[in-house]
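Enquirer:
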Amino acid sequence: MTERIPWPVAGFDPVRRLHVIAAATPGGAVHEAVIDAPFDQVWAVAADLEGRLPRWLPDIRSVRLGEGPAEGRRQALVVGHSRLRARFDVELTPGWCLMRSRFLLGGLAARPESDGTRFAFLGAFRLPGAGPLGRALRPVTEPLADRSLHRFERLVREG
């Protein structure tokens with residue numbers, strides 16, 4: 029009988045996991061910062077999808093969470109300022125949130141670091157041609173993402 033050699037396992041922290049998803053998603057982009065606050069304080073703001081997500085992401089007017097099929101999974105109705113609506117499947121656990129609709133993908137991730145908490149968010153279109161579209165929109169989306177990170181940091185500081 030031959031000795032069984034275990035398969036290698038790669039464990040990723042939530043931020044690295046978000047980067048992997050972005051790399052596998054055409055046009056996906058991750059924006060991140062190290063925030064000078066403990067993980068619990070940062071994640072309390074990030075996980076408050078109904079109350080705080082619309083306060084730091086400029087294209088979201090409201091988020092209404094509903095029931096989900098399992099622990100850590102929910103449904104959400106997201107309404108934009110243009111009144112467009114999208115239904116999302118949401119996976120939400122400490123340090124991790126992935127939101128998928130028919131046309132959009134969003135994600136939030138956080139991990140403790142020695143000098144605070146690394147926070148990252150992902151945005152991508154789930155459309156044919158999303159890669160070229162995402163790259164074409166980067167001159168517009170990059171400054172918006174930077175401003176969103178600053179608003180998020182301000183919400184964390186405010187508590």
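Sequential numbering of the sequence shown, starting at 29, is according to the working numbering. Where a beta carbon is used, it is the ideal one built from N, C-alpha and C, also for glycine. Here the structure is a predicted model, which is why all the values come from computation and not from measurement.
1) Counting along the chain, where does the beta strand (DSSP E) carrying LEU150 start and finish?
2) Where ASP87 and PHE180 are concerned, what is the direct C-alpha to C-alpha distance, given to the nearest angstrom?
3) Classify THR53 as buried or exposed, calling it buried when 16 or more other Cβ atoms lie within 10 Å of its own Cβ.
4) Determine the direct distance from the alpha carbon of GLN103 to that of PRO97, and round the result to whole angstroms.
5) CA-CA distance, GLU119 and TRP84?
6) Identify, in the order they occur along the chain, each residue of the same chain with its Cβ nearer than 6 angstroms to the Cβ of TRP124, setting aside the five sequence neighbours on each side.
7) Starting from ASP174, trace the alpha helix (DSSP H) in both directions and tell me its first and last residue.
8) Taking just the CA atoms, how far does ASP68 sit from GLY55?
9) Measure the C-alpha to C-alpha separation of VAL91 and LEU81 and round it to an integer number of angstroms.
10) Give the range of the alpha helix (DSSP H) segment to which ILE88 is assigned.
11) Tell me the residue span of the beta strand (DSSP E) that contains ALA114.
12) DSSP on GLY102, reduced to helix/strand/coil?
13) Mark ILE63 as exposed unless 16 or more other C-beta atoms lie within 10 angstroms of its C-beta, in which case mark it buried.
14) Let me know if GLY187 comes out buried or exposed under the rule of 16 or more other beta-carbons within 10 Å of its beta-carbon.
15) Using DSSP with H/G/I as helix, E/B as strand and the rest coil, what is TRP124?
16) Quick one: Cα of TRP71 to Cα of PRO122, how far?
Expert: In this structure, then:
1) 144 to 153
2) 14 angstroms
3) buried
4) 9 angstroms
5) 20 angstroms
6) PRO42, ALA137
7) 158 to 186
8) 30 angstroms
9) 8 angstroms
10) Note, ILE88: premise wrong, no alpha helix (DSSP H); beta strand (DSSP E) at 88 to 94.
11) 113 to 121
12) Note that residue 102 corresponds to Arg in the displayed sequence, not to Gly. Strand.
13) buried
14) exposed
15) strand
16) 7 angstroms
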